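Residue numbers (this note's numbering), protein chains in the order written: chain W, 1 to 1010; chain B, 10001 to 10147. The C-beta atom is built at its ideal place from N, Cα and C for all residues, glycine as well. Since the model is a prediction, treat every value here as computed from it, not as a measurement. The structure appears below as structure tokens.
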Amino acid sequence: MTLRRLMSLPARTLVPALITVVALMMVGFDHMLQRADYRLRVEQEQKQLLVERLGIEQSNLDQLILQNRPLQLRRAVAELALRPHVTHAYLTAPGGRIVGSLVRADLGQSLPDILAADTRGGAVLLDAARAPDNSLRVEVDASRAALTGLMALEGGHQLWVRSDLIQPFSERLHASRIELSRHAALILCWSLLLSLFLHLIWFRRAEQLTNAARALGQGRLDTRVDLGGRDELAEIGRAFNDMAVRLQAQHAALLDSERQFRAMFEQAGVGVARIDSRLGHFMSVNKKYSEILGYDDADMRRLDFMHLTHPEDLPGQLALLEALKRGDIREFSIEKRAFHKDGRVIWVALSVSPLWAPGTEPDYHLAVIQDITARHEAEQALKLERNRLSAAERIAGLGSWEFHATTGSGWWSEQMFAFFGLDPAGGAPEPEHFLKLLHPEDRERVAGVLGLLAQGATDVPLHVYRTSPDAGPVRHLRPSMHCVTDDAGKVVKYAGTLLDVTEVTEAALALRGSEERLRATLEQAPNVAVQWFDAAGRVLYWNGGSTRLYGWLPDEAIGRSVETLMHTPEEADLFRSSLVQIARTGQSIGPSEYLVKHRDGSPRWIEATLFSIPGLDEAPILVCMDVDITARRNAERTVEQERTHLRTLFATLPDLVWLKSPEGVYLSCNRQFERLCCLTEAELLGRTDYELFSKEEADQFRSHDERAMRTGQNSINEEWVTMRDTGERMLLQTIKTPMRDAGGKLVGVLGIARDITEFRETQDSLRELNRDLEQRVADRTQALSDAMKELESFSYAVSHDLKAPLRGIDGYSKILLEDYGDRLDEQGQRFLANIRNGTRQMHALIEDLLAYSRMERRSLEASRVDLGEVVRTVLNRRSDEIAAASVQIVGEIPPIIIRADHQGVEMVLRNLLDNALKFSRDAHPPVVTLHAAVRDGRAHLSIRDNGIGFDMKYHERIFEIFQRLHRNEDFSGTGVGLALVRKAMQRMDGRVWAESAPGEGATFHLEFPA
Amino acid sequence: MNLATRPSSAAPPILLVEDNPVDIDLTCRAFARDPLAGPVHVARDGETALDFMQRWDKGEPPPGLILLDINLPGVNGLEVLRQLKRHPVHRSIPVVMLSSSAEQRDLLDAYSLGVNSYIVKPVDFDRFVEATGQIGRYWFELNQPPI
């Protein structure tokens, strides 16, 4: 707040004041800094002085002590008081007795006593630091108020001195303050001088410039300023002068322009007004505006345009004005009625344009008016005349037109446009367009006429023509025309009329059409055959329907007699007598049914109505209208048959069947149901469940009926019912079906029931049995899975434990052979070799057995396996054996991808290859042939050898475990290999089989699923 | 050190963990035929094998190779293997499973516990001697254990 007030001071005060304050603050600050320094300097000065003085005194005092001159000693001590600021000085003899002091009374006293009683700060001497012998020690005391000095002298004497520090410090401070005041006074003088200087060269001129700018702002455009000098202020002054000159020139130009515009405004031929856009007041109007409205200038200024505008035109104008204010339109022009001062209504053309800049708040707009009353009245008169003519034309249905042959242009009266459904604003259409408005059938003819007119023909054929059906109802127009010629007889223009003759034309057409339609109806009536007969029964007329019914064409039928049409002579007589009867009485007969004959001889049933109509001459025409009802009669017969079938079914069905009305009243039942309730159907009709069964049962039946009716679907229930005669209870399975007639209306509930008492009992016992069975299956499954587990651990034990003793037997046999071989005869050695062979065989058997059981237990993984690759792998593994036995491997396996267990496939192929190698070893040379193909989506692989083969009667045995066809000496083996192959193939959903004959080799086939 | 010239007396001992006396005898005999193999120490069951571990902790020289059977009375071979491979120091002693079992399950268990090798004991003694010879050559001549 203070700062803001300070800133609002004028610069001429603020600047010197700020300089002064800053200078004073610097001096004061400097003083503060120095003051801290003074104390240290004073202490050091005084200490120096005291040390120097005491140093001088030391030798003097020592001499005096040695010479034992107490008086001089006492004086020398007292003289220490001459030294400024020394307040205490004591010379003590050894033992503390004072032998010299500034105060005489102290002599002979004990120093501690004196100091304890001292009030001028002497007590500090008690704390003074003791100096070593013959030395001097001067210290500032703890309160920094004094210096203490202690000097050791000859013979154990000591000099104690205290010098005051407070007074020298005060003196120094006083001197410093005087200097400060002097500096301050000097600074104030300088500030005054500076203010004066600034005022003269800067602030005074700035004020001149301010005054000039203010004057310019108040409109004195001739104001100029002369500041002198060359500084920034002088530059501003010169710029100000330039600006003032320019402004003065612009102002003069503006005045001139305004004068010109005002003259234009006043003398313009139209009324011009500036109007307040918000209130509608006239701000200024020119002479012409006042003249048009009859008011003088002063009147106008009191008025607003709303008062002067006719109330019917005002809303329109206000709406446009609003649009103008919103910026939707840039300007508008309307014709409106205004009130003249004398009360007359005058027509004016008004143009309004805004005076505000786009985007700014609307303030004034410019209104330009022109008196158009006279023109308007003339137009009104003309319009009235035209309306009368139009009305006359409209009433008469007459249009008039003109056509200028030379220019090709035309004129149409309003009625003409009405005929063709055109908008009069579009003007008379061009000939091409006009033709399109006509009925397509008439266009060519009228185009010819128009062509003649364009050539200026005087004689033109005129016909009634029609308008196009696309543009509303078709009109028939009759043209008339006359030519207007110039002096030379040349046609200048054609004038003519079009008369609407639609009604007359259409009435004539309608009459003709009605007759044709009647005949067509008769001819084409699809199902109704109509024949006319004369009194003798001969055909006079034969419509299309008759042809369809009887098969005769009209030409063939006309002239034939009744006998050819009827199926039997009796029917013909009957029909003929009917004809005679209507001919006599004139009354119609029927509808009645007759059996007639088709042309192909087949019988047809008809339903015919016979009546007579007057003929051209005296004899009446006998009309027969007949309908083929053969299909209907057949259908009726079929329905009757079906009904009989259903009845029979209903009666003989072993199930109970009944029908109840929606209210539960019995409508029908079959014999089985009769037996249930011991009533005949006739006795049952009209009764309800409540009369036949107990209330509980009846309630239940009804609720099921209602459910079926409510849901509209079959309701299947089980209902206990008590037999009426035996009282035995019976379980019925009932199906309740809502019955509807052809119209979908509910007519009842059909019930079908079957005795399921026994069935239910059987079902219950079956369920019981089933439960028992399931339990047994579960038990078996458990037992099986236990057995599997046992087998697994057995196999494990076999793999491990059976092999250990074998190893022992073999090992010790070997050791026996090696270590004790020399003590065994040949037979003993052979026995040992046999033992070793036995263990080897046993070992092979165990390994195969393990492999077999593993194949049974292992879970197989189906993956993509390339048969060709597996075959190559297996062949590579046996390459040494193959090479050793010089076996030829024939055939290549293409890459066939199957989904199978990789290890399983490899094991199968290995076993089959080993077999092939083993059994063909005696062939010369051994040949193993491989072949693979895909057949019916299954991969097929065969391995053929040219070995010893086998009899096909052993085909099944070779795949069984431990089954062998050869002695071990001939072909070693365990009898497990092929069993393993079959097991693996079975587990992979594949198949293995063999083909062979003794001595002719063997072929093993493998089939894998794709 | 040049492996080929290593004196046989310096060969570290072999620990055989096996319960079947016949197998122990045969194994010892087989190694006795191998001039490079060190002395064979025998643990007759899993407990004893684990006791051996404590003795190595106390300063007895640990073996250069452990031959381990799976089916042992009491603590079985896989458990011995688990504890051995958990030991901060002795885990680096190579362990060779020497078992009659070629069951996939046993192989998977042994390898997942970090066995160094798994050899199915051949029933044929000639091949058994050959196998022990190969074990000795591999683990004492070719293989470089951490020192």
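So if I threshold CB-CB distances at 8 Å, which residues from the segment 794-809 of chain W count as touching chain B? So the close ones are TYR796, SER799, HIS800, ASP801, LYS803, ALA804, PRO805, LEU806, ARG807 and GLY808.
Taking all protein chains shown into account, decide if B:ARG10105 is buried (16 or more other Cβ within 10 angstroms of its Cβ) or exposed. Here residue 10105 of chain B is taken as the residue at index 105 of the second sequence, counted from 1. The residue is exposed, with fewer than 16 neighbouring Cβ atoms inside 10 Å.
Indicate whether the contact test is met: 3 or more Cβ pairs, each with one atom in the segment 10011-10020 of chain B and one in the segment 10062-10081 of chain B, closer than 8 Å. Yes, since at least three Cβ pairs between the segment 10011-10020 of chain B and the segment 10062-10081 of chain B fall closer than 8 Å, the two stretches touch.
Buried or exposed: which applies to B:VAL10129, given that a residue is buried once 16 or more other Cβ atoms fall within 10 Å of its Cβ? In the second sequence, the residue the question calls residue 10129 of chain B occupies position 129. Looking at its Cβ environment, which holds 16 or more other Cβ atoms inside 10 Å, B:VAL10129 is buried.
Could you tell me which chain B residues have their CB closer than 9 Å to the CB of W:ILE815, listed as they occur along the chain? Within the first sequence, residue 815 of chain W is the residue found at index 815, counting from 1. By Cβ distance, chain B contributes LEU10026, ARG10029 and PHE10125.
Whole angstroms are fine: how far does the CA of B:MET10097 sit from the CA of B:SER10117? The sequence position of residue 10117 of chain B within the second sequence is 117, counting from 1. The sequence position of residue 10097 of chain B within the second sequence is 97, counting from 1. Cα to Cα, the separation comes out at about 6 Å.
Check W:CYS483 in the structure and name its three-state DSSP category. In the first sequence, the residue the question calls residue 483 of chain W occupies position 483. Three-state DSSP puts W:CYS483 in a strand.
W:THR467 to W:PHE420 span [Cα, whole Å]: Translated into the one-based positions of the first sequence, residue 467 of chain W becomes position 467. Translated into the one-based positions of the first sequence, residue 420 of chain W becomes position 420. Across the structure, W:THR467 and W:PHE420 are spaced so that their CA atoms are roughly 7 Å apart.
With a cut-off of 9 Å, does the C-beta of B:PRO10122 fall near any C-beta of chain W? In the second sequence, the residue the question calls residue 10122 of chain B occupies position 122. Yes, because at least one Cβ of chain W sits closer than 9 Å to the Cβ of B:PRO10122.
Name, going along the chain, the residues of the segment 824-844 of chain W whose beta-carbon falls closer than 7 Å to a beta-carbon of chain B. THR839, ARG840 and HIS843
Span separating the alpha-carbon of W:ARG710 from that of W:VAL749: Within the first sequence, numbered from 1, the residue matching residue 710 of chain W stands at position 710. Within the first sequence, numbered from 1, the residue matching residue 749 of chain W stands at position 749. Approximately 11 Å between the Cα atoms of the pair.
Cβ-based neighbour list, W:ALA105, same chain, cut-off 8 Å, excluding 5 preceding and 5 following: Sequence index remark: in the first sequence, residue 105 of chain W carries index 105 (1-based). Result list for W:ALA105: empty, nothing under 8 Å.
Hey, W:ALA851 and W:LEU980 are a contact pair by Cβ (cut 8 Å); roughly how many whole angstroms apart? The count along the first sequence starts at 1 and reaches residue 851 of chain W at position 851. The count along the first sequence starts at 1 and reaches residue 980 of chain W at position 980. About 6 Å separates the two Cβ atoms, so the contact holds.
At 8 Å on the CB atoms, spell out the chain B contacts of W:GLY973, in chain order. For this step, residue 973 of chain W is matched to residue 973 along the first sequence. By Cβ distance, chain B contributes nothing, its closest Cβ being about 17 Å from W:GLY973, past 8 Å.
So B:ASP10034 contacts chain W; which residues on that side make the cut at Cβ distance below 7 Å? In the second sequence, residue 10034 of chain B corresponds to position 34, counting from 1. Those within 7 Å of B:ASP10034 in chain W number zero; the least Cβ separation is about 15 Å.
Check whether the Cβ of B:ASN10143 lies closer than 9 Å to any Cβ atom in chain W. Numbered from its first residue, the second sequence carries residue 10143 of chain B at position 143. Taking Cβ atoms only, chain W never reaches closer than 9 Å to B:ASN10143, which makes this a no.
Count the other C-beta atoms from every protein chain shown that fall within 10 angstroms of the C-beta of W:ASN286, then say buried if there are 16 or more, exposed otherwise. In the first sequence, residue 286 of chain W corresponds to position 286, counting from 1. W:ASN286 comes out buried.
C-beta neighbour in chain W for B:PHE10128, strict 9 Å: Numbered from its first residue, the second sequence carries residue 10128 of chain B at position 128. Closer than 9 Å: yes.
W:ALA234 versus W:MET25 - alpha carbon distance: Taking the first residue of the first sequence as 1, we reach residue 234 of chain W at position 234. Taking the first residue of the first sequence as 1, we reach residue 25 of chain W at position 25. The alpha-carbon atoms of W:ALA234 and W:MET25 are separated by roughly 35 Å.
Do W:SER668 and W:LEU685 have their CB atoms nearer than 9 Å? Here residue 668 of chain W refers to the residue found at position 668 when the first sequence is read from its first residue. Here residue 685 of chain W refers to the residue found at position 685 when the first sequence is read from its first residue. A Cβ-Cβ contact shorter than 9 Å links W:SER668 with W:LEU685.
Starting from the C-beta of W:VAL460, find all residues in its chain whose C-beta is less than 7 Å away, skip the five residues before and the five after it, and write them out in chain order. In the first sequence, residue 460 of chain W corresponds to position 460, counting from 1. Here the set comprises VAL449, LEU452, LEU453 and MET481.
What residues from the segment 10093-10108 of chain B come within 9 Å of chain W, judged by C-beta to C-beta, listed N to C? SER10099, SER10100, SER10101, ALA10102, GLU10103, GLN10104, ARG10105 and ASP10106
Would you say W:TYR954 reaches chain B, if we count a Cβ-Cβ gap shorter than 9 Å as a contact? To locate residue 954 of chain W, count along the first sequence from 1; it is residue 954. Taking 9 Å as the threshold, the shortest C-beta distance from W:TYR954 to chain B does not fall below it.
W:ALA381 vs W:LEU437 beta-carbon contact at 9 Å: For this step, residue 381 of chain W is matched to residue 381 along the first sequence. For this step, residue 437 of chain W is matched to residue 437 along the first sequence. No. Outside cutoff.
Buried or exposed: W:GLN415, going by 16 or more other Cβ atoms within 10 Å of its Cβ? Locating residue 415 of chain W in the first sequence gives position 415, counting from the first residue. The residue is buried, with at least 16 neighbouring Cβ atoms inside 10 Å.
By the 10 Å Cβ neighbour count, where 16 or more other Cβ atoms means buried, how is B:PRO10145 classified, buried or exposed? Residue 10145 of chain B sits at position 145 when you count from the first residue of the second sequence. The residue is exposed, with fewer than 16 neighbouring Cβ atoms inside 10 Å.
At least 3 beta-carbon pairs within less than 8 Å: the segment 45-58 of chain W vs the segment 160-174 of chain W: yes
Do W:LEU366 and W:VAL272 come within 9 Å of each other at the CB atom, strictly closer than that value? In the first sequence, counting from the first residue as 1, residue 272 of chain W sits at position 272. In the first sequence, counting from the first residue as 1, residue 366 of chain W sits at position 366. It is a contact, given that the beta carbons lie within the stated cut-off.
Distance check for W:PRO895 and W:PHE1008, CA to CA, integer angstroms please. Position 1008 of the first sequence, counted from the start, is the residue given in the question as residue 1008 of chain W. Position 895 of the first sequence, counted from the start, is the residue given in the question as residue 895 of chain W. Rounded to the nearest angstrom, the two C-alpha atoms are 14 Å apart.
From the DSSP output, in three-state form, read off W:PHE203 for me. Mapped onto the first sequence, residue 203 of chain W falls at position 203. Here W:PHE203 sits in helix by DSSP.
Quick one: does B:VAL10040 have its CB under 9 Å from some CB of chain W? As a working mapping, residue 10040 of chain B is identified with position 40 in the second sequence. No, no contact with chain W.
Proximal residues to W:TRP202 (C-beta, below 6 Å), its chain only, five neighbours per side dropped: Position 202 of the first sequence, counting from 1, holds the residue named residue 202 of chain W. Within the same chain, W:TRP202 has no close Cβ partners at all.
Once DSSP output is grouped into helix, strand and coil, what is the label at W:THR781? Locating residue 781 of chain W in the first sequence gives position 781, counting from the first residue. Note: W:THR781 maps to helix in three-state DSSP.
Mind listing the chain D neighbours of B:ASN10020? Cutoff is C-beta to C-beta under 7 Å, in chain order. Checking the listed chains, one finds no chain D in this structure; the protein chains it contains are W and B.
Below 8 Å on the Cβ atoms is my contact criterion, and I expect W:ILE369 with W:VAL348 to pass it. Report the Cβ-Cβ distance as a whole number of Å. For the purposes of this step, residue 369 of chain W is taken as residue 369 along the first sequence, with counting starting at 1. For the purposes of this step, residue 348 of chain W is taken as residue 348 along the first sequence, with counting starting at 1. Sure, about 4 Å apart at Cβ, within 8 Å.
Please report the distance separating the alpha-carbon of B:PRO10007 from that of B:PHE10125. Against the second sequence, residue 10007 of chain B aligns to sequence position 7. Against the second sequence, residue 10125 of chain B aligns to sequence position 125. At B:PRO10007, the pLDDT of 41 sits below 50, so the modelled position is not reliable; the number obtained from the coordinates is stated separately. Between the alpha carbons of B:PRO10007 and B:PHE10125 lies a gap of roughly 27 Å.
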